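Residue numbers (the numbering used here), protein chains in the order written: chain A, 1 to 242; chain B, 1001 to 1242.
Inspection log for the structure reproduced underneath, given as structure tokens.
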DNA sequence: TGTAAAGTATCCCGTAGCGGAAGGGTCAAC
DNA sequence: GTTGACCCTTCCGCTACGGGATACTTTACA
């Protein structure tokens, strides 16, 4: 396939493809005698990958570096990119919430303190730097913690309500419908505020029993709740893995 | 308030504020004798507005032009920006769907035609130009306003609308075209705000009947609506499992 | 088989939106 | 009255291309 075809398929300009070739980011598999760039299917997949990175705000130089690394694993990359896209959506949701509040304020329906006028923006600035600088070499886990911290009053209330309900039923088997339904609520709630994959959900569950800070907090709602939730979450995640 | 305070509040750099002053985009209301920039609360609101535009990818020059227009109406601007943010989220959701499919493909669980590998990206290029180039000019404002309400309007409104419509048809069979059509709208709506797989959709449907809080809320639109939706959602999910 | 249109190539210059360092005033505190 | 945190104004640099200009190739079709 020649430049124009690729360009139209991927929705980028021909100039962009030239540029990527120039800087060695995406070099076509083949070049004709006349100098025409011929792209393969593999090239196309690479381009897709590049665009995912770009969507996440990675600079081209960084993308090149990552993808040229001999230990680069496409699958792992995709999964991490997906998680980062989830996070980006969360952030966008915050901006949306902010603008909705602002609209209400402009109608005089509500007052807004200055510090609330900018929630959602801060992270948008250099998303990759905070998140991914070290992560593409390491295996950091603790991100879930922050998510729970960033909650407003409404969320906090809902949060408590769910936990109280879970505490009430913590005697039943974690795989029972009762338990699974309630834990499903928890899952969907988390996805409202933060976007979790089943895998991430399961990971979070593990932390409930492995990290005493979590355990302590959760067990305030009822002795053994953390353990109960952890099990239920595992099962739920397993059943809901796409 | 001096630069640093504003910068921290809004999550931008001091240099950025300098720049905005330089190009006349955000000129502080007051300047001390020593040349210190002093920002007012009004300045802060303007900055917020600017950041919304930026989030939407407007170039600074355009933002300046729009906001300096004497017929500029803050409320209307906010509403339009909100709508464009919704659209941006939709587009991001498409990217997310694309990457999820790609992950499945990389596991060998599915094949993907080349043209599907890039859905979601194309629009990211010049979002404002198609939509807003002439519209921010000065006239013909309220016509788009109407459209906005019907097509992309406020989540809550749309939400209610869908439920009312579903309530109206809840007498028909859940597998009828009428029902499946409407439930499809619901499915797509959910995917605008949160990205649901058919499986997750089905799971949600189960919760409508198994969790009384859901049931109660939904049945406010019409007795038995929760049960109706639950069935329709199961069927829809089954038919749309890719 | 010839020719125009469409596609492609390589230069090369320009731009947006700041980042960051240099060099130098200012202000509140102790 | 000096220290340290904050502020100012240049000025240079950078990224990720856009957009010509100019010249060669390929394709369509008459």
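Cβ atoms here follow ideal geometry from the backbone N, Cα and C, with glycine treated the same way.
As the structure is a computational prediction, the values presented were derived from the model and not from experiment.
* Below 8 Å, can you find three or more Cβ-Cβ pairs linking the region 1167-1187 of chain B to the region 1215-1224 of chain B? -> Because the criterion of three Cβ pairs below 8 Å is met, the region 1167-1187 of chain B and the region 1215-1224 of chain B touch.
* Asked: Of all the residues that make up the region 1102-1118 of chain B, which are near chain A by a beta-carbon distance shorter than 8 Å?
  -> Identification of residues in the region 1102-1118 of chain B having a C-beta nearer than 8 Å to some C-beta of chain A yields 1102, 1103, 1104, 1106, 1107, 1114, 1115, 1117 and 1118, given in sequence order.
* Asked: Where residue 1038(B) and residue 1051(B) are concerned, what is the direct C-alpha to C-alpha distance, given to the nearest angstrom?
  -> Their backbone Cα atoms lie some 19 Å apart in a straight line.
* Residues of the region 1034-1048 of chain B with a CB closer than 9 Å to any CB of chain A: list them in chain order, please. => Hits within the stretch, in order: 1041, 1044, 1045, 1047 and 1048.
* To do: Measure from the alpha carbon of residue 1228(B) to the alpha carbon of each residue in 1241(B), 1207(B) and 1240(B), then state which is nearest.
  => Closest option to residue 1228(B), Cα to Cα, is 1207(B).
* To do: Please report the Cβ distance between residue 233(A) and residue 183(A), rounded to the nearest whole angstrom; I am assuming they are in contact, meaning their Cβ atoms lie under 8 Å.
  => Going by Cβ atoms, the distance from residue 233(A) to residue 183(A) rounds to 6 Å, so yes, they are a contact pair.
* chain A residues whose Cβ lies nearer than 8 Å to that of residue 1052(B) -> Correct list: 95 and 99.
* To do: Compute the Euclidean distance between the alpha carbons of residue 27(A) and residue 40(A), then round it to the nearest angstrom.
  => Going by the C-alpha atoms only, they are around 10 Å apart.
* Asked: Using a C-beta to C-beta distance shorter than 7 Å, which residues of chain A count as neighbours of residue 1231(B)?
  -> Those do not exist, as residue 1231(B) stays about 17 Å from chain A at its closest Cβ, beyond 7 Å.
* Can you give the beta carbon distance from residue 1096(B) to residue 85(A), rounded, assuming they're within the 8 Å contact cut? -> Between residue 1096(B) and residue 85(A), the beta carbon gap of about 5 Å places them in contact (Cβ cut-off 8 Å).
* To do: Kindly indicate the opening and closing residues of the alpha helix (DSSP H) around residue 45(A).
  => Here the alpha helix (DSSP H) through residue 45(A) covers 41-55.
* Asked: Do you know how far the Cα of residue 11(A) is from the Cα of residue 1121(B)?
  -> CA-to-CA, the gap between residue 1121(B) and residue 11(A) works out to about 7 Å.
* Given residue 1064(B), which residues of its chain have a CB within under 6 Å of its CB, disregarding the five upstream and five downstream residues? -> Same-chain partners within the cutoff: 1025.
* Asked: To which residues of the same chain is residue 19(A) closer than 6 Å at the C-beta, ignoring the five residues directly before and after it?
  -> Excluding five sequence positions before and after residue 19(A), none of the CB atoms of its chain fall closer than 6 Å to its own CB.
* To do: Pick helix, strand or coil for residue 1088(B), following the three-state DSSP scheme.
  => Note: residue 1088(B) maps to helix in three-state DSSP.
* Specify the secondary structure class of residue 1109(B) as computed by DSSP and reduced to three states. => DSSP places residue 1109(B) in coil when its eight states are reduced to three.
* With 7 Å as the threshold, decide whether the Cβ of residue 181(A) is near any Cβ in chain B. => At least one chain B Cβ lies under 7 Å of residue 181(A).
* Taking all protein chains shown into account, decide if residue 72(A) is buried (16 or more other Cβ within 10 angstroms of its Cβ) or exposed. => Its Cβ having fewer than 16 others within 10 Å, residue 72(A) is exposed.
* **Interface partners of residue 1009(B) on chain A, CB under 7 Å** => Neighbours of residue 1009(B) on chain A, chain order: 114, 115 and 118.
* Asked: What whole-angstrom Cβ distance do residue 1236(B) and residue 1180(B) have, given they're in contact under 8 Å?
  -> Rounded, the Cβ-Cβ distance is 6 Å, consistent with contact.
* Return the bridge partner residues of residue 1031(B) from the DSSP annotation. => Beta-bridge pairing links residue 1031(B) to 1037(B).
* Rank 14(A), 99(A) and 230(A) by C-alpha distance to the C-alpha of residue 1081(B) and give the top, closest one. => Answer by Cα proximity: 99(A).
* Asked: Quick one: does residue 1150(B) have its CB under 7 Å from some CB of chain A?
  -> Any reading at residue 1150(B) must be qualified, since the residue scores a pLDDT of 31, below 50, and its modelled position is unreliable; the value itself is stated next. Contacts with chain A at 7 Å (Cβ-Cβ) do not include residue 1150(B).
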